[in-house]
Every structure is written in structure tokens, then in C-alpha cells.
Amino acid sequence: MKQSLTIRPGQAITYEERGNPGEMPVFFFHGTPGSHFQLDLLPGALLENVHWIAIDRPGYGESSRCLGLGMADVTATIAACADHLNIDRFQVLGFSGGGPYALACAHTMPDRAYAAHLVSSLGPVDVPGIWSALRRQDHLLFTLARRSPRLFRLVLRLSMRGLRQNPERFSAKLAAKMSDRDQSLLTAPDTLAVLNNDLREALHQGTTGMADDLMVLSRPWPFPLEDIQVPVHLWQGAHDQVINPSIGAAIAACIPHAQFQRPEDGAHMVLLTHAAEIRHEIDHVLP
Numbered sequence: 004m005k006q007s008l009t010i011r012p013g014q015a016i017t018y019e020e021r022g023n024p025g026e027m028p029v030f031f032f033h034g035t036p037g038s039h040f041q042l043d044l045l046p047g048a049l050l051e052n053v054h055w056i057a058i059d060r061p062g063y064g065e066s067s068r069c070l071g072l073g074m075a076d077v078t079a080t081i082a083a084c085a086d087h088l089n090i091d092r093f094q095v096l097g098f099s100g101g102g103p104y105a106l107a108c109a110h111t112m113p114d115r116a117y118a119a120h121l122v123s124s125l126g127p128v129d130v131p132g133i134w135s136a137l138r139r140q141d142h143l144l145f146t147l148a149r150r151s152p153r154l155f156r157l158v159l160r161l162s163m164r165g166l167r168q169n170p171e172r173f174s175a176k177l178a179a180k181m182s183d184r185d186q187s188l189l190t191a192p193d194t195l196a197v198l199n200n201d202l203r204e205a206l207h208q209g210t211t212g213m214a215d216d217l218m219v220l221s222r223p224w225p226f227p228l229e230d231i232q233v234p235v236h237l238w239q240g241a242h243d244q245v246i247n248p249s250i251g252a253a254i255a256a257c258i259p260h261a262q263f264q265r266p267e268d269g270a271h272m273v274l275l276t277h278a279a280e281i282r283h284e285i286d287h288v289l290p
């Protein structure tokens with residue numbers, strides 16, 4: 004059930020918990036766009052005996068927008084939510100556009116976020132090899148976000164117009180750009196229903212949260228990957244057509260204690276298809 008937490012006057016976040024307090028806590032970072040409803044995608048292999056907490060990042064769902072959003076604002080909401088739930092130490096898992104925020108937590112609070120798991124994650128655009136590995140449409144989007152934020156927001160609002168009332172159109176367009184294996188997963192009725200609910204929730208306040216999110220991801224990150232000292236596990240399918248698999252390899256090469264898994268039978272939705280292997284890594288990290 005969705006809950007709300009006031010971080011500071013005028014700033015509230017919505018979040019959802021799965022599992023029982025006292026079980027192993029893992030904070031989940033949804034993709035871009037997205038919401039806490041992405042927890043509904045997780046297979047049983049990931050859900051059992053884990054206390055999952057998924058926040059709606061600022062501007063998504065009913066979480067208040069944060070003007071001038073930065074990674075530090077998101078990590079601060081995680082710290083506040085963990086305090087509220089009396090969670091001292093935890094792991095973090097970020098999917099796709101949520102991956103960068105999981106790494107930000109690992110860097111900012113290594114005494115609390117003692118392991119990070121990235122699945123099909125974006126990387127910092129200023130790391131050699133990552134910018135060139137992005138899709139052409141991502142180049143255009145990120146360049147526009149940096150050079151003309153006002154025009155970027157207008158283009159995003161126009162391109163996503165009517166999506167909250169008809170998320171099926173976006174889901175269909177997304178699936179069409181993905182591998183055959185991803186398409187078969189995303190067009191399954193149960194998964195499609197979750198994605199459509201997630202999009203409606205993500206755009207509850209329009210495209211403002213998505214625009215703020217993409218603005219953060221289009222900029223160089225405020226910390227060097229080399230400074231991350233906690234264990235990091237990265238998963239990216241060899242047939243990922245959304246995030247080039249070389250991006251995951253480039254991130255892992257920069258982090259001292261990173262392990263990179265590139266399943267040859269996986270694609271962007273490796274979170275669903277390789278849940279048991281990802282869960283194995285979560286279970287075997289020492290707090």
C-alpha cells in the first residue's frame with residue numbers, strides 16, 4: 004500500500020513496502036519514467052524474504068517536485084525514509100534510469116548502503132565509451148536537456164501528451180524498439196497491465212518529474228565512480244537494445260569492487276529473466 008512521508012516542510016515523498024520489517028531491507032529505484040508500481044514486476048525469486056522499499060522519486064507519482072533536482076536530493080530522501088522505518092543498513096537496487104541513484108547512495112552513505120545492484124543501468128555521460136554507446140535518440144534528448152532546458156521540457160510534454168490516459172500506446176512503442184525476448188515479456192497481459200499502471204502513476208503530475216529526472220541523468224555525475232568502495236553488482240543482457248551492454252562494462256571498469264554479469268540470453272528486462280541469479284548476489288553480500 005502506498006504511504007507518504009514528509010521529508011521537510013513542503014517536501015513529501017510517496018513510497019511502498021513489500022515484505023516484512025526485520026527481513027533483509029533493499030531500496031528499489033524505478034526506471035525512467037516510473038513509480039513504486041514497478042515493484043509489481045519483480046518475480047517471486049526476488050520478493051521472498053526481502054523487505055523491499057520503493058520510493059517515487061521527486062515529481063513522480065505524488066512525490067513533491069524538487070526544484071533544481073540533483074542526485075543528492077534523491078539520496079537524502081532514501082536516508083530520511085530509512086530513518087523513518089528504523090532501518091540502519093540496507094542494500095540498493097536500481098533498474099535502468101534508477102541505476103545512477105543506487106550508485107549515488109553507495110557513494111554518499113557507504114556506512115548504510117553496503118551494496119549496490121544495477122540492472123540494465125544508465126551510466127555517467129562523461130565517462131569514456133558511454134556517450135558514444137548511447138542511442139541516437141538519447142544523444143538528442145540529453146543534448147537538448149543541457150543546452151535548452153525550456154525547449155526540452157516543452158518537447159517532452161508534447162511528445163507524452165495524452166499518455167496518462169492512454170499508456171498502452173507508449174508501452175507498445177517501447178516494446179517495438181526492444182529485442183524479441185523483451186517484446187514477448189512486455190506484451191504478456193500481466194506485465195503489460197503493470198506497465199500501464201506504472202505509467203499512469205509516474206505521470207500523475209504530468210511530465211515534470213520525468214523532465215527533472217532526465218535533466219539529472221544528462222549531466223556528469225557529482226562524484227567519481229572510482230571513489231565507490233562498497234560491492235557493486237551490475238547485470239546487463241547481451242541483447243539489451245535500450246542500454247548498450249558496453250555501458251555496463253564501462254561502469255564496472257571504473258569501480259574498484261564491481262562485478263559485471265552479461266548474460267548471453269538476456270536483454271533489457273534481465274531483472275525478470277535472471278531474477279534468481281540477481282537474488283543470489285543480494286543474499287551473499289555481507290553487511
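Those letters in the sequence shown? Residues 4 to 290, per this note's numbering, in order.
Even for Gly, the Cβ is constructed at its ideal location relative to N, Cα and C.
These numbers come from a predicted model, not from an experiment.
Going by C-alpha distance, which of the options is nearest residue i?
i, options, result
"Val-158", "Ser-249, Gly-73, Leu-147", "Leu-147"
"Ile-58", "Ser-67, Thr-276, Gly-209", "Ser-67"
"Val-235", "Asp-201, Ile-254, Pro-28", "Ile-254"
"Thr-276", "Pro-46, Ala-105, Pro-28", "Pro-46"
"Glu-2", "Gly-34, Lys-180, His-39, Pro-12", "One cannot answer for residue 2 here, as it falls past the ends of the chain, which runs 4 to 290."
"Arg-149", "Pro-223, Ile-285, Gly-100", "Pro-223"
"Pro-227", "Leu-106, Arg-139, Asp-243", "Leu-106"
"Pro-167", "Ser-151, His-207, Ala-136, Gln-140", "In the sequence as displayed, the identity of residue 167 is Arg instead of Pro. Minimum Cα distance to Arg-167 is reached at His-207."
"Leu-202", "Ser-162, Leu-217, Pro-170", "Pro-170"
"Lys-5", "Arg-11, Ile-16, Pro-12", "Ile-16"
"Leu-121", "Val-29, Val-219, Thr-9", "Val-29"
"Val-245", "Ala-178, Asn-200, Leu-88, Ala-214", "Ala-178"
Going by DSSP, name the residue or residues bridged to residue i.
i, result
"Val-77", "None, per the DSSP bridge assignment."
"Ala-57", "Glu-19, Phe-31"
"Gln-168", "Gln-168 pairs with nothing; no bridge assigned."
"Lys-176", "DSSP, once it has assigned bridges, lists no residue as partnering Lys-176."
"Gly-151", "Looking at the sequence shown, residue 151 is not Gly but Ser. The partner list for Ser-151 (beta bridge, DSSP) is empty, contrary to what the question assumes."
"Glu-26", "Pro-24"
"Gly-14", "Going by the sequence as given, residue 14 is Gln instead of Gly. DSSP, once it has assigned bridges, lists Arg-11 as partnering Gln-14."
Taking only the alpha-carbon atoms, compute the straight-line gap between residue i and residue j and give it to the nearest angstrom.
i, j, result
"Asp-185", "Leu-198", "13 Å"
"Cys-257", "Glu-229", "5 Å"
"Trp-238", "Phe-32", "15 Å"
"Arg-139", "Ser-99", "17 Å"
"Gln-94", "Arg-172", "35 Å"
"Phe-263", "Ile-250", "11 Å"
"Gly-165", "Ser-174", "13 Å"
"His-54", "Ala-79", "20 Å"
How would you label residue i, buried or exposed, when you count the other beta carbons within 10 angstroms and need 16 or more for buried?
i, result
"His-287", "exposed"
"His-283", "exposed"
"Arg-156", "buried"
"Leu-289", "exposed"
"His-142", "exposed"
"Ser-151", "exposed"
"Thr-111", "buried"
"Leu-70", "exposed"
"Asn-89", "exposed"
task: Jot down the residue ranges of each uninterrupted alpha helix (DSSP H) in the segment 79 to 147, minimum 4 residues, whole runs only, in chain order.
output: 102 to 111
query: Which ranges does the alpha helix (DSSP H) cover as unbroken runs of at least 4 residues, wholly within the segment 181 to 264, from first to last along the chain?
result: 183 to 189, 192 to 205, 211 to 221, 248 to 257
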